[in-house]
Each structure stands twice: as C-alpha cells, then as structure tokens.
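Trainee:
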Amino acid sequence: MSIGLSIVSCKKKSFLSEHWNHPLSTQRNPEVQLTHNESNLDPKQCANCHESQMKAWQSSFHAKSIGNGFLWQKTVLSKDEWNSCLNCHSPLPETKAEISETFQTIEILDSKRKHFPSGIPNPSIQCASCHIRKQIWYGPPSRNLTAKQIESLKANLPHNGYKVQEEFESSSFCQSCHESPDSGQKLNGKHLMEVYKEWEKTSFAKEGIQCQNCHMPDREHTWKGIHDPDFVRAGLQPLWSLTRTTNGEIQIDAKLKSTRIGHKFPTYLIPKVYLRFYVTNRFGKRRLIEESIVGRLVNTNLTEEYFDTRITPGNSHLVSFRFADNEKEIKTFDWVIEVDPDEHYIRSFEESLRDKGNILTDQLKKQLQLSLSEKKESRYVLFTLSLPVPVLLPQ
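Take a look at the structure:
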C-alpha cells in the first residue's frame, strides 16, 4: 500500500488551491488537441481503459452526490446556498448546468455539448471532477513509470497522458470538500466539518497514513465509510464484562474503542451509534435496561449543539452501570451496537416534510419522501454480544 506524503509544500498547496478554485473553469481548451473520444468526459468513456475504477465509482457515494435527498432542497435554499452546495456535490460547471440556471451560460453549455455529447444523466462527482481541468489529465504517481517517463511518452498515450501530482495521495486533496472553511459556522467552538483538523492531530498523520489509505485502499474508487458495516467494524473493538457486587447487583462495564480510525468516530454530525444493553429471559423475551449514544447531536437548524460524545482515535466510549438482579429468569445480558448513518438527515427531512411539505411541488415532495425512506433503511446492527448469567459471577 502506498502511503502519501504527510507534509504538503507551498507548491502543492498552490496546486490544490488552483485545482479546487470554485467555480471551476469549463473544460474547453483550444490549445489542447484531442480526438472526439478523448474529449468525451462521460465516465462510460473513461471505463474503456479504467473499467475497475468506473465500476467502483458507480457504487460509491461520490456517484450518488446528486440524489433525491439533495435535489428536493433546491426550493428551500437560496440561489447562493444552492450553488455553494454544488461546489462539492457537482464540481464541474458542465454538470452544474444540469441543475442550476446560474451555470447555463453559452460558454458552459457549449463545453457541455462538446465534452458530454450524450448528455449528463448523472451530474454528480465524476471522473473529471477530480482528474481533469481544461482538458489536461491529472493523477497520482504511476506505480510503473516515473513522472519524467510519463511526460516523455505523453504523445503516444491517450489524452496526452497525465500530469503527476503527489497531492492525489495526500489527505489535503480531500480537504476542500470534507472540511469546513475557516470562515464557516461554528457550534460550541467547532466547525460542522473538521475531519481534516481531527486527522492532523493523530498518530495517523504523524505516520503518514492518509485518507486514501483507508478510504481508497489499493487506489480503489469506493470511498467506503459509515454506511459500510464491514468497513466500520474493522476500525472498532467492543469490550465488556459482568461482575457481581457485594450487595448482589450486577456491574456492567463496557467500552467501544476506536482502534483504526484516523478521526473522530462517527464523523461530522450526521451519524449516530447506539449502544443498547438488554436482558433476555429463558423464554427469549428481551428488555432494554440501558442505552448510550455516540455522536454529535445538533438541532436541524444547525444553531445549537446538544452533546458531542464522538470517540477520538485510540480512545473509547465507556458505559458503566449496575443492574439489580431481581429477575431469576434472566438467561443472558445482550449488548447491541446499532449504527444510524443518516440520523440527522432523517430528523431534518421529517421536520421539513411536516413544515414545508405544503410549499413543495409534487415532484420535490416525492423526492423528499423517497430520500427519507432511503435514509431510514440505511440503519444496521454493527455488533451483537451476549454474556450468560451464571449462578455465580466474579466479584
């Protein structure tokens, strides 16, 4: 696995500030001579040579950045707010033109017709969003060729080869969309998104482990995260024990430890993780006796933070309580850890449907309802642990 550089020079920062300088320029570039197929930026065209990346992208959230949950909000957001959201959800001006009148200029529409001749059915984060600017391709260092060799061969390579940029393997490349700007809103002294700052403070950053090492292993274009149970399980360790107190009660001590996550868990303010403890009797009936929430809870207006119990790298969320063992029928204690990846969206969308449903068009209301259903279906059980209740427990 390749590990990118943990220190970014002024030169690299200059590249990134230009690469993500919004609004981005159109792809038109009369100085670059390409064939019709090379100029076609449809991801399907890219798949001719990069099939595995295309297939991975299709299943990723980058390919779903413009969906029902995003589109219904156009009516309730101001034009400036909408266009600001598009900088990350649909970075290219050509894709923005599909969903924003602001970008339906003659220049942008001409570029869209030339570089997306079959149209843009999915105006989300595309291959070109990260890799192409003004018909010049950019990417990480080759595993087989040096940057100098690539430059010397560019006349014989498709789309004139590409310019090597080490930033593609650096966490700073992701910062533009996954970190609030310094001028962004703060709650309780924290921005709404601080994943890059969180990572900078960790041993992961000191050891040169970048976002890409976990979220793009072996350069896979999957960007797995909180919605993938196996991916999340790999970064956490649940541990617990039962002991009998001197007065006959049962002491439950549990901790959920972050072992391989390079930022606070869960990230941002959207997901919530529920640590629920049950007793199950010999008839299989389960009863909830304790619940703890891991996450950052904020109101739907994003004006007030209620709590922030997220786990920092290498640390644990602790739960400790006593249970009076008065029920002789108890067979097991069960600890169920459930992840709700879209909790904040669910709460916000339910409120919007109730308060704004009457001002939405039938189409937008349907999009909101569909997205709400999708978000509710994203919940999953991460771990289920059980401990039997013997006659004698360690004291």
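Numbering (our numbering), first residue to last: 23 to 417. From the three backbone atoms N, C-alpha and C, an ideal C-beta is built for every residue, glycine too.
R332 and R309 look like a contact to me (Cβ under 8 Å); what is the Cβ gap, rounded to whole Å?
Mentor: Rounded, the Cβ-Cβ distance is 28 Å, inconsistent with contact.
Trainee: So, does the region 349-365 touch the region 250-268, judging by three or more C-beta pairs under 8 Å?
Mentor: yes
Trainee: Who are the Cβ neighbours of C233 in its own chain at under 6 Å, not counting the five residues just before and after it?
Mentor: S193, C196
Trainee: For I231, does the three-state DSSP call read helix, strand or coil?
Mentor: Correct three-state label for I231: coil.
Trainee: Report the residue from Q157, K134, N90 whose alpha carbon sits nearest the alpha carbon of E396.
Mentor: When each option's Cα is compared against that of E396, the closest is N90.
Trainee: How is the alpha helix (DSSP H) around Y218 delimited, first residue to last?
Mentor: 217-222
Trainee: Which residues mark the beginning and the end of the beta strand (DSSP E) in which F343 is found?
Mentor: 338-345
Trainee: Using the C-alpha atoms, what's the distance from Y160 back to S31?
Mentor: Note that S31 scores 41 on pLDDT, short of 50, meaning its location in the model is unreliable; the coordinates nonetheless yield the value given after this. Those two C-alpha atoms are separated by around 18 Å.
Trainee: Please report the residue range of the beta strand (DSSP E) in which V98 lies.
Mentor: No beta strand (DSSP E) holds V98; DSSP gives it neither H nor E.
Trainee: Using a Cβ-Cβ cut-off of 8 Å (strictly less than) and excluding sequence neighbours within five positions of G379, which residues of its own chain qualify?
Mentor: K387, L390
Trainee: Can you give me the C-alpha to C-alpha distance between M23 and F305, rounded to a whole angstrom?
Mentor: Note that M23 scores 33 on pLDDT, short of 50, meaning its location in the model is unreliable and no value can be drawn from it.
Trainee: Can we count H213 as close to the ligand FMN, meaning its CB is less than 7 Å from some heavy atom?
Mentor: Inclusion of the ligand FMN in the displayed structure is not the case, the ligand content being empty and no account of it being possible.
Trainee: Closest to V54 by C-alpha separation, out of I147, T127, H237, P180, would be which residue?
Mentor: P180
Trainee: Between the region 54-64 and the region 129-147, are three or more C-beta pairs nearer than 8 Å?
Mentor: yes
Trainee: If you draw a straight line from the C-alpha of F190 to the C-alpha of V320, how long is it?
Mentor: Taking the CA atoms as reference points, F190 sits about 33 Å from V320.
Trainee: Could you have a look at T127 and say whether DSSP puts it in helix, strand or coil?
Mentor: coil
Trainee: How many Å lie between T244 and H72 at the Cα?
Mentor: Roughly 14 Å between the two C-alpha positions.
Trainee: What are the boundary residues of the alpha helix (DSSP H) that includes N59?
Mentor: 58-61
Trainee: So what does R266 bridge to, in DSSP terms?
Mentor: Beta-bridge pairing links R266 to I272.
Trainee: Rounding to the nearest angstrom, what Cα-Cα distance links I130 and A119 in this structure?
Mentor: Distance from the CA of I130 to the CA of A119, rounded to the nearest whole angstrom, comes to 7 Å.
Trainee: What residue range does the beta strand (DSSP E) around W357 cover?
Mentor: 352-362
Trainee: Under 8 Å by Cβ, that's how I've got I142 and P113 pegged, so tell me the actual separation to the nearest angstrom.
Mentor: About 13 Å; that fails the 8 Å criterion.
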